[in-house]
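End of the sequence shown sits at 561 in this note's numbering; the numbers just go up one at a time, nothing left out. The beta-carbon is built from N, C-alpha and C at its ideal position, and this holds for glycine as well.
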Amino acid sequence: MDRKVARNHLLHIASIVMPNAMMESVLLITLMLGINNYIFSQAQITGKVIDAKNASPLAYVNIGIKESSIGTVSKEDGSFTIVIPFEYQTDSLTFSMVGYHESNLSIRDLVEAGNVIVRLEVKTTQLEEVLIAGEKLVAKRYGIKSRGAIHFTDGIFKKDDSFEIGQVIHLGIYPAKVTSVNFHINSSRPDSAIFRINFYRYDEEENTPKERIIDKGILQRHPVNEGWLKLNLSDSNIIITGSVLVSIEFIPETRKDVDQIFYEVKIGGSSKSFFRETSLGQWTRPPHHYCIYVIAITDKNAPDEDGDEETVPTHTLTSDFSSEPYSLFVNLPRDYSKDNEKIYPVIYLLDGNVYFDPVVNSVVSYTKKKKISVNPIVVGIGYENAYVMDSLRNRDYTFPKALPSDSFKLSGQGDRFYDFVKKGIVSYIDSAYRTDKTNRTIMGHSLGGYFVLYALTRNMEGVSVFNNFIAASPSIYYHDHYLIKELGDSSTHNRNLEGINMYMTMGALEVLESQWSDFEQMSMILTNRKLRIHTEIYKNMDHMGTAIPTFENGIQLFMNN
């Protein structure tokens, strides 16, 4: 079975923290007004990129503002057009192509110049000869080498800019000659496509791709047929070691009627994947992994890369309102077994099938680097598998029952799910582990973020179950803004939420028209409720990209004394 992962790709994080209600209001209004102004304050730059020595046109040059959502690529004849919003007009426009020196030019100067000619200088690189020596050389595969039992599809094909997806591979200390890069296409299309293969150094400490390590322009055009696509690199002499991000860059076509390219992704597992939606944009981590692997010739003694298996649930629970079991994924702090008297705070994470592994990786990293002073137990609340999760989360994370305009087939059982979380899951975890019953966090994204806010309303009914709430891009619009009305009800204002911590975020590029006003209104309501509220807007990001950074930042915020 194939399942489309309906989502929008997002860009990098540029955090704006608003310390109090007045600042929140002013900042949000400013941003909203700014967005309207940009529509009327854009500058267009047109021109051509050529080789500085022989004046030949340079095709597929990456053009953009670094770490932003603004970018394009030059066409086959070297020409380009890019629209620059007002907020970026004091920045520089970068022209980058493998084998050439990067050029950074003032946007203001380019706008004033009109139709510009950009000349790139060839980069002279002296390559060190690397020999692959060993007792015996063998071909090994690194990356995600197989599809999951349940198939998920993603697909992006931008009309005016490149789009890049990448998978981290770990080669160890042995040099390896890459002979091919492979990825799985999930549906055929009549048109062929151009792909660029890139290799970047991966920084384990910072958990991010860095500079390009292979200074070769590797462009290939291939038919787009369902199945594994092999990008042959046998003659490219690509020799690498260590941890590397291998990426596939989708080059846009000049025609406007070209279909998207749909490719395989996997849910769960400990692999690290990245994407960026624009040329020179910031790398972002998706909630899934790309089915990309390389074949490389290396020493037979080189260690094999660990398989990327989906984490197995630690516990399975059933409820009295659903026939489907719930999976609980549990990660204990490293020192849990050292002190039998010590108790630990617990973080409850919704959509555990998707987010448990990356969140645990972050918690482990923060513990090692001492970025958090309190080491939590992490409990991912999930389902039997990621396939059923798609519909069951709609049922469990929403209350009341959806309106026709919400277009949900299953919905409205959030009240019963909350009771199950409280009396079933939390009670079970408290009985099975040494937990700090005064320090519980719940966090979720999108509809999961809506449920976090709904859980907050239930906290007003009596004894608090959770004291920390983390809501990433909550779907506040649901049921005609039900939660805004519920939390804003003046008749319940005597039931304040003092002592409760809230971290709520959204992306500056959220697509729903009401998202900005919803976020502002909810922020004001929660501030009036006497919560300790922290709000953050991620610049150049839309809905799906806010999940992991929100969870990471929220953990650092609340897991420090």
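From the DSSP output, which residues share a beta bridge with residue i?
i      : result
LYS140 : ALA296
ARG119 : ILE50
ILE470 : MET443, TYR503
SER96  : ASN62
GLU209 : Residue identity check: residue 209 is Pro in the sequence provided, not Glu. According to DSSP, PRO209 bridges with TYR202.
THR72  : ILE63
HIS289 : LYS266
ALA43  : ILE84
LEU349 : GLY380, MET443
LEU219 : ARG196
Near residue i, which residues of its chain fall below 6 Å by C-beta distance, leaving aside the five closest residues on each side in sequence?
i      : result
GLY172 : ALA302, PRO303
ASN375 : PRO333, THR367
PHE417 : ASP396
LYS565 : There is no way to answer for residue 565, as the model of the chain reaches only from 1 to 561.
LEU531 : LEU497, ILE500, MET502
VAL61  : VAL49, SER74, PHE95, MET97
ASP351 : GLY448
ALA508 : ILE537, LYS539
PRO57  : ILE50, ASP77, GLY78
THR46  : THR81, ASN115
MET504 : ALA471, THR535
In whole angstroms, what separates the C-alpha of residue i from that of residue j?
i      : j      : result
LEU557 : TYR355 : 19 Å
THR278 : GLY155 : 15 Å
TYR589 : GLY166 : The requested residue 589 is not part of the displayed model; the chain covers only 1 to 561.
PHE321 : ARG395 : 11 Å
ALA21  : LEU110 : Only weak support exists for where ALA21 lies, its pLDDT of 41 falling under 50; the value from the coordinates is given anyway. For ALA21 and LEU110, the distance between alpha carbons rounds to 40 Å.
GLY444 : GLU510 : 17 Å
GLU253 : HIS534 : 43 Å
ASN560 : LYS422 : 25 Å
ASN467 : THR316 : 25 Å
GLY242 : ILE297 : 14 Å
LEU245 : VAL463 : 48 Å
ARG529 : LEU497 : 6 Å
ASP51  : PRO175 : 33 Å
GLU24  : GLY449 : Since pLDDT at GLU24 reaches only 43, below the 50 mark, its modelled position is unreliable, and no value is offered.
PRO190 : VAL224 : 7 Å
ILE63  : VAL138 : 40 Å
PRO549 : GLU520 : 20 Å
LYS48  : GLY78  : 5 Å
SER608 : SER74  : With the chain covering only 1 through 561, there is no way to say anything about residue 608.
ILE555 : LYS371 : 10 Å
ASN85  : ALA472 : According to the sequence provided, residue 85 is Pro. The question's Asn does not apply to it. Cα to Cα, PRO85 sits roughly 27 Å from ALA472.
GLY71  : GLY281 : 8 Å
PHE228 : PHE183 : Note on identity: in this sequence residue 228 is Trp, with Phe being the wrong assignment. Their Cα atoms are separated by approximately 6 Å.
ASP257 : GLU249 : 20 Å
SER180 : GLY143 : 12 Å
ASP43  : LYS66  : Before going on, a small fix: residue 43 reads as Ala here, not Asp. If you take the alpha carbons of ALA43 and LYS66, they lie about 17 Å apart.
ILE214 : ASN331 : 38 Å
LYS53  : CYS291 : 40 Å
ARG196 : ILE251 : 7 Å
ASN459 : GLY148 : 39 Å
ALA432 : PHE451 : 25 Å
Could you please give the first and the last residue of the uninterrupted beta strand (DSSP E) stretch that includes residue i?
i      : result
TYR200 : 193-203
GLN282 : Here GLN282 belongs to no beta strand (DSSP E), and DSSP marks it neither H nor E.
THR316 : 315-317
HIS170 : 163-170
TYR482 : Premise fails: TYR482 lies in the alpha helix (DSSP H), 478-487, not in any beta strand (DSSP E).
ILE185 : 176-185
ARG189 : Here ARG189 belongs to no beta strand (DSSP E), and DSSP marks it neither H nor E.
ASP320 : Element bounds for ASP320: n/a, residue is neither H nor E.
ILE173 : Neither: ILE173 is in no beta strand (DSSP E) and is coded neither H nor E.
What residue range does the alpha helix (DSSP H) around residue i cover?
i      : result
TYR112 : The residue asked about is misnamed: residue 112 is Glu in this sequence, not Tyr. Its alpha helix (DSSP H) spans residues 107-113.
LYS368 : 352-368
THR527 : 515-528
GLU552 : 547-558
SER391 : 386-396
GLY414 : 414-420
ALA432 : 427-432
Please return the same chain residues whose Cβ sits closer than 7 Å to the Cβ of residue i, not counting the five positions on each side in sequence.
i      : result
TYR482 : PRO400
SER187 : GLU226, PHE262
VAL178 : LEU233, ILE238, ILE240, VAL294, ALA296
TYR100 : LEU120, GLU121, VAL122, LYS123
GLN515 : MET506
LYS145 : TYR293
ILE343 : ARG434, THR435, ASP436
SER106 : SER92
With a CB to CB cut of under 8 Å and the five nearest residues on each side skipped, what residues in its chain are close to residue i?
i      : result
LEU487 : LEU453, LEU456, THR457, MET522, ILE525, LEU526, ARG529
Looking at residue i and the ligand SAH, is the gap between the Cβ and the nearest heavy atom below 7 Å?
i      : result
VAL312 : Inclusion of the ligand SAH in the displayed structure is not the case, the ligand content being empty and no account of it being possible.
Check: What residue ranges within the stretch 224-269 form continuous beta strand (DSSP E) runs of no fewer than 3 residues, ordered along the chain?
Finding: Whole beta strand (DSSP E) segments, 3+ residues: 227-232, 238-240, 243-251, 262-266.
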